[in-house]
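J.: Chains as they are written, first to last, in the UniProt record's numbering: chain A, 1 to 345; chain B, 1 to 345; chain C, 1 to 345; chain D, 1 to 345. Could you have a look at this structure, given as structure tokens, before my questions?
Right, dumping it as structure tokens:
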């Protein structure tokens, strides 16, 4: 059994990790920390876990995470970089669900996250945890940077197009929509029910932290200069993410060949479902599951290709993806403990 | 024109007052205070008011509210009692949307609200602002205690039954449901979209502050001892309140006579709609309007009568009711500025 | 492996059965029928099942359900009674999720459901599928009547009180609230998003089909005459049911003893969670899981006891409960395939 | 008083017309037709109108609409073209909220709407009812084609850019999102609460009827060839529309000048609110009001300009816009009866 520790279990990615790991056949939940909730049974905060998770939150000062085989950081940015070096030294694997190790360039990280990076030497050792595009690196890694939710959809949607040189990398437009849980479990007016229900808006159009992460990864797929317009929006739903990806075709290709390209690319990826050409994937078809579904469109058979991508932002967009990485890091079947079927309706 | 001041305009009852008063034909909005938002244009916080309300928030220290004819307190409990005495002395009428003057007994108030009442002498001069049952008092009042949202539905629903001695006052059960805006515009985890959407729960079953207010008012309608079980619940909708009121009939009465009793009681009340016997009122039929609708039921023609009552908690349950009081206090037609039709769908 | 057939798989209880049975370790999904969708892959209708359920709908005329070990009827009332006799004769076990076999008295059934009962002789052989109260009968049964969703909450909430003679059976009031999925997957205006979102209402107050079912079952727990007022309401959420049960205590009992009574009653029931006295269970704590949670309240320590009960109406209130019965009928562990943790948030 | 008739008052645009016209100071509601609901009081179907609209639905066979000064068609496509010729001949003005007269080219209309146009000669006499861009035509018209909801946002958003030759007309991308009420009050599975709540999806990506309408109108603003990619999505909210409009700048222009261009264009349009550069308009800021709000963005000061546009699809996107046209056609102030402030929260 893999001994698992979780740092920062009071947020949505934390409780989602617990939901997944509590039924994972190869995992033993060992410790979960929260300075603020020290001593509180986890199930008192999240009654969905009553009878299933008997751990109590423990103060980071008391928890000996070095006894774990792997520690997940479900924390705000900056926490993992402070604790990861010691854990790694002690032989504990680390999976960070925040951004600390997602961006390879220290300066870019610091510009967008407004904090100093305290262990930049680890950046090159961190594997980027998008298994579908980086499986071998993850298997060998001791430190994994779990991708952001938006970047996951954009990378898996654009990858086959960029890698095969089919589209103009310089005019990508990603119009993305997220459920409210993406904003986390924080007391804020903007995400109150009365503020965000029965409402729709864009946010962060002037600059969102997922832009540099995505741009840097997309750039790895092509030698052309990538230019990405990324517009996030807030949808009045709890879970779910829908990315509408636009790209301009620069080569002559039939719809059948386009479709085949995507199907071939992801034929061995259990968690990417390439739907029939012209489908309209719904976010609810992934609710609570680790599946990402996508479908291709080509209006009027013109030179614009649209990729519609959906996922559950808390599963494939966060905690499920992290468990997928853990499976790879420990030599397990990639799908272990992740075969929940989406909750529909 | 009535010069109106609002203390505490950054909450939901505040913005709702602004929506109603901005189009009230006899009102001139004069001042709106907020210590925290001093100098901010109101419409920057509430874009629905862009081009319609040009006021800025001003610090309570700078605003001279004594120039107003009436001041509304859309504040947490305790603020009105601190400022009302000076305003009243200066000849300004006061309408408090909080609880400071709702409960006549100082000790009861202090028990439930955990603060000392600093002007108990004013309690007997405050009119309870439920126009349908207390119209004449309000007309003469300089100080009005606007009723709570739940109490409004319970009083208007139970009144004809208690006043006419038809039911057992000692076994009233009010199972009530409120939209989330009733919790106010406060940064709290419990009312986040991700916490309260797609969810339903009871709260405060052990004791809610609206119980003593309601019980005291109901007791005025009957010489029998009133005993009320009041169970509030939270509904995943922004606005709306639905009270399901149960009472045991102690007298023989036909359904027709029951219905007539209610119709007669409210035939001159523009804002109470007695629907046909056996109707199922929907909260949305009052959304954004000052209407309260109710309907009677009697399962199996037995000895239980059920009164279903709906209203918009922010209008008839708060700000609309306050404007209704203002109209009466200034000798205007009770319905002035309050004839908005509900938004459906 | 148990060969399972499903009649009527295009509704919400049908797709929920598929979600549960597709991952059940002892089940082989064998046939699913729909006259209208003959030939359509199930996953085309419910994309959540893509890659997980490869069955196609087949016409009832072609499907040979006699090859199954058990057949679930996820159909409108009246279908199971037409097909069950032949299946039972062929040695196939039958679990009906509709009402055909829930009410023992033919006349009562026909009065409420407005159809003739065509196999009344089977009524006495049908086990009522509420495992917590009827486990042994279910184990031996070939025909199970799966309880209605509302009745499940009312029975499990009232049972310990009635069985122990603690409350007045003649004045029970059940104020119940259901998510919209309880109305089924039918094209109707009343349950459109634009009609039922941001809205709350009671319905069927004059008489709901779950009243006679519940009253008859409750009557089995006590020799006193049961009288039940049952008021259903519609909540703008997809899944979830919350019953607020009121009863008048007729015996002197401490809150501690009340609590102990419930805990003892359900200590061996894996799917009933008795929460600490005074808790407020939330429907979302059961979303997608087979758990039912309940909590006791006693306002002002008076003579009214309130039981708050929550469940997922499609799982413990329907399809999960049906699988629980199947497990018992086939000698499996009762919890097999039903240990999903609720999806929160 | 203007005598108003409404054909087809049982849908959402119908009830919204009633909400607006019932309080319009210059209107007398005269007739409302529905073949199916003949004789039913309108307020029985829409309880929000109880006490405010006393009309009954009358059969089209009995209603003499020629007594009206103006008739609104809130009907499916095809109805207005059948009845408008006779009404116009009788001197009655006609405003069609459906598409019958929106598209000038008969062949294009018939291709997209799959019905024959039975009065193509009227097409050239129909004014396109977008007052902000076509005010003088509407004033003189007897027949007005009220614009589609999506086209309203796209035209008002792109107009200043195209008219001034600032952007590449050949690469417009409009990523649009609508609340569910846009699908109308029709019994359909896809728009059930349980299907569309807590969900997000694109639809009609391969071709939506609003594309030819919008393209034809946009083409009027520029001599360059317009090419528009239009992607509609469904948002789990009742009302509201958000269009995210992308265009490529072809001229050098500062953000200040861009902003000024829009402000100048709409400075005399009471219902278009140009928000400060970089704002994120929210749909709820227009809920129930006739306002359309927009804001400009320019990521990284590059050559992509984004226009964010919001409106209430049932008001500025349908019934409010139709009343705005009526005001112009009858020489009233354009804003008469349309100054409702949005309902927030």
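Every residue gets a Cβ at the ideal spot worked out from N, C-alpha and C, and that includes glycine.
Would you mind telling me which residues of chain B sit closer than 7 Å to residue 308/C, beta carbon to beta carbon, in chain order?
T.: To locate residue 308/C, count along the third chain from 1; it is residue 308. Simply 202.
J.: Quick check: residue 23/C and residue 240/C, are their CB atoms within less than 9 Å of each other?
T.: Numbered from its first residue, the third chain carries residue 23/C at position 23. Numbered from its first residue, the third chain carries residue 240/C at position 240. No. Outside cutoff.
J.: When you compare the segment 318 to 331 of chain C with the segment 3 to 19 of chain D, are there three or more beta-carbon pairs, one atom per stretch, that lie closer than 8 Å?
T.: Too few Cβ pairs lie closer than 8 Å, so no.
J.: Tell me, please, which residues DSSP counts as bridged to residue 351/B.
T.: Outside the modelled stretch of chain B, which goes from 1 to 345, sits residue 351/B, for which no answer is possible.
J.: When you compare the segment 282 to 297 of chain A with the segment 220 to 232 of chain A, are there three or more beta-carbon pairs, one atom per stretch, that lie closer than 8 Å?
T.: Too few Cβ pairs lie closer than 8 Å, so no.
J.: Any idea what DSSP makes of residue 241/C, helix, strand or coil?
T.: Counted from its first residue, the third chain places residue 241/C at position 241. Of the three classes helix, strand and coil, the one that applies to residue 241/C here is strand, per DSSP.
J.: Does DSSP put residue 206/D in a helix, in a strand, or in coil?
T.: For the purposes of this step, residue 206/D is identified with residue 206 of the fourth chain, where counting begins at 1. Three-state DSSP puts residue 206/D in coil, outside helix and strand.
J.: With H, G and I counted as helix, E and B as strand and the rest as coil, what does DSSP make of residue 83/C?
T.: Sequence index remark: in the third chain, residue 83/C carries index 83 (1-based). Reduced to three states, the DSSP call for residue 83/C is helix.
J.: Would you list, in sequence order, the uninterrupted alpha helix (DSSP H) runs of no fewer than 4 residues that lie entirely inside the segment 242 to 289 of chain B?
T.: The segment 242 to 289 of chain B contains these whole alpha helix (DSSP H) runs: 255 to 265.
J.: Along the chain, where does the beta strand (DSSP E) containing residue 3/D start, and where does it finish?
T.: Position 3 of the fourth chain, counted from the start, is the residue given in the question as residue 3/D. 2 to 7 is the extent of the beta strand (DSSP E) around residue 3/D.
J.: Leaving out the 5 sequence neighbours to the left and right, which residues in its chain are closer than 7 Å to residue 313/C when beta-carbon positions are compared?
T.: Stepping through the third chain from its first residue, residue 313/C is reached at position 313. Counting only Cβ-Cβ distances below 7 Å, and skipping sequence neighbours, we find 149, 178, 179, 181, 182, 239, 240, 241.
J.: According to DSSP, is residue 356/D part of a helix, a strand, or is it coil?
T.: The displayed coordinates of chain D run from 1 to 345. Any statement about residue 356/D would go beyond what the structure contains.
J.: Tell me the rounded alpha-carbon separation between residue 139/B and residue 126/B.
T.: Working through the second chain from its first residue, we reach residue 139/B at position 139. Working through the second chain from its first residue, we reach residue 126/B at position 126. Computed Cα separation, rounded: 12 Å.
J.: Considering Cα atoms alone, identify which of 260/A, 223/A, 205/A is closest to residue 274/A.
T.: Counting from one through the first chain, the residue named residue 274/A turns up at place 274. If we check each option's Cα against that of residue 274/A, 260/A comes out closest.
J.: So with Cβ pairs under 9 Å, would you call residue 281/A a contact of chain C?
T.: Here residue 281/A is taken as the residue at index 281 of the first chain, counted from 1. It does; some Cβ of chain C falls within 9 Å.
J.: Can you tell me which of 39/A, 26/A, 47/A puts its alpha carbon nearest to the alpha carbon of residue 15/A?
T.: As a working note, residue 15/A is residue 15 in the first chain. The residue with the shortest Cα to Cα distance from residue 15/A is 47/A.
J.: Tell me, please, whether the CB atom of residue 37/A is closer than 9 Å to any CB atom in chain D?
T.: Reading the first chain from its first residue, position 37 is the one you call residue 37/A. Judged by the 9 Å Cβ criterion, residue 37/A is not in contact with chain D.
J.: If you check the beta carbons only, do residue 5/C and residue 71/C fall under 9 Å apart?
T.: Working through the third chain from its first residue, we reach residue 5/C at position 5. Working through the third chain from its first residue, we reach residue 71/C at position 71. Yes, they are a contact pair.
J.: Measuring CA to CA, which of 80/D, 201/D, 204/D is closest to residue 122/D?
T.: Position 122 of the fourth chain, counted from the first residue, corresponds to residue 122/D. Answer by Cα proximity: 80/D.
J.: For residue 79/A and chain C, any beta-carbon pair shorter than 9 Å?
T.: Here the question's residue 79/A lines up with position 79 in the first chain. Answer no: the Cβ-Cβ gap between residue 79/A and chain C never drops below 9 Å.
J.: What three-state label does DSSP hand residue 28/D in the structure shown?
T.: Here residue 28/D refers to the residue found at position 28 when the fourth chain is read from its first residue. Strand at residue 28/D.
J.: Indicate the three-state DSSP secondary structure (helix, strand or coil) for residue 50/A in the structure shown.
T.: As a first step, residue 50/A is located in the first chain; it is residue number 50 there, counting from the start. Looking at residue 50/A - three-state DSSP - the assignment turns out to be coil, as it is neither helix nor strand.
J.: Hey, out of 118/C, 329/C, 199/C, 160/C, whose CA is closest to residue 236/C's CA?
T.: For this step, residue 236/C is matched to residue 236 along the third chain. For residue 236/C, the nearest C-alpha among the options comes from 199/C.
J.: Can you round the beta-carbon distance between residue 277/D and residue 191/C to whole angstroms, since I take them to be within the 8 Å contact cut?
T.: For the purposes of this step, residue 277/D is taken as residue 277 along the fourth chain, with counting starting at 1. For the purposes of this step, residue 191/C is taken as residue 191 along the third chain, with counting starting at 1. Actually they are not in contact, since the Cβ atoms of residue 277/D and residue 191/C sit about 43 Å apart, beyond 8 Å.
J.: Given a cut-off of 9 Å, decide if residue 151/D and residue 217/D are closer than it, judged by their beta-carbon atoms.
T.: Numbered from 1 along the fourth chain, position 217 holds the residue referred to as residue 217/D. Numbered from 1 along the fourth chain, position 151 holds the residue referred to as residue 151/D. Contact: yes.
J.: Ordered along the chain, which non-local residues of its own chain (more than five positions away) have a Cβ less than 6 Å from that of residue 266/B?
T.: Here residue 266/B corresponds to residue number 266 of the second chain, with the count starting at 1. The residues are 272, 274.
J.: In or out: residue 1/B buried (at least 16 other Cβ within 10 Å) or exposed?
T.: As a first step, residue 1/B is located in the second chain; it is residue number 1 there, counting from the start. Looking at its Cβ environment, which holds fewer than 16 other Cβ atoms inside 10 Å, residue 1/B is exposed.
J.: Residue 312/A by DSSP, collapsed to three states: which one?
T.: As a first step, residue 312/A must be located in the first chain, where it is residue number 312. Residue 312/A: coil per DSSP, three-state reduction.
J.: Excluding the five sequence neighbours on either side, which residues of its own chain have a C-beta within less than 6 Å of the C-beta of residue 128/B, listed in chain order?
T.: Reading the second chain from its first residue, position 128 is the one you call residue 128/B. The answer, listed in chain order, is 134, 145.
J.: Are residue 43/D and residue 51/D touching if we call contact CB-CB under 9 Å?
T.: The residue labelled residue 43/D in the question sits at position 43 within the fourth chain. The residue labelled residue 51/D in the question sits at position 51 within the fourth chain. Yes, they are a contact pair.
J.: Please go through the same chain and pick out, in chain order, the residues whose beta-carbon is closer than 7 Å to the beta-carbon of residue 38/C, but skip the five residues on each side of it.
T.: In the third chain, residue 38/C corresponds to position 38, counting from 1. Cβ neighbours of residue 38/C beyond the five flanking positions: 57, 58, 59.
J.: Flag residue 269/D as yes if its beta-carbon sits less than 9 Å from any beta-carbon of chain C, otherwise no.
T.: Mapped onto the fourth chain, residue 269/D falls at position 269. Judged by the 9 Å Cβ criterion, residue 269/D is not in contact with chain C.
J.: Measure the alpha-carbon distance for residue 281/D versus residue 189/A and round it to whole angstroms.
T.: By one-based count along the fourth chain, residue 281/D stands at place 281. By one-based count along the first chain, residue 189/A stands at place 189. Using only the alpha carbons, I get a separation of about 17 Å.
J.: What are the residues of the segment 182 to 203 of chain B that lie near chain A, defined by any Cβ-Cβ distance shorter than 7 Å?
T.: The residues in question are 185, 187, 188, 189, 191, 192, 193, 194, 196, 197, 198.
J.: Report the rounded CA-to-CA distance for residue 205/A versus residue 299/D, giving the unit in angstroms.
T.: As a working note, residue 205/A is residue 205 in the first chain. As a working note, residue 299/D is residue 299 in the fourth chain. Those two C-alpha atoms are separated by around 7 Å.
J.: Taking the alpha-carbon of residue 343/C as reference, which of 250/C, 252/C, 283/C has the nearest alpha-carbon?
T.: Here residue 343/C refers to the residue found at position 343 when the third chain is read from its first residue. Looking at the Cα atoms, 283/C is the closest of the given residues.
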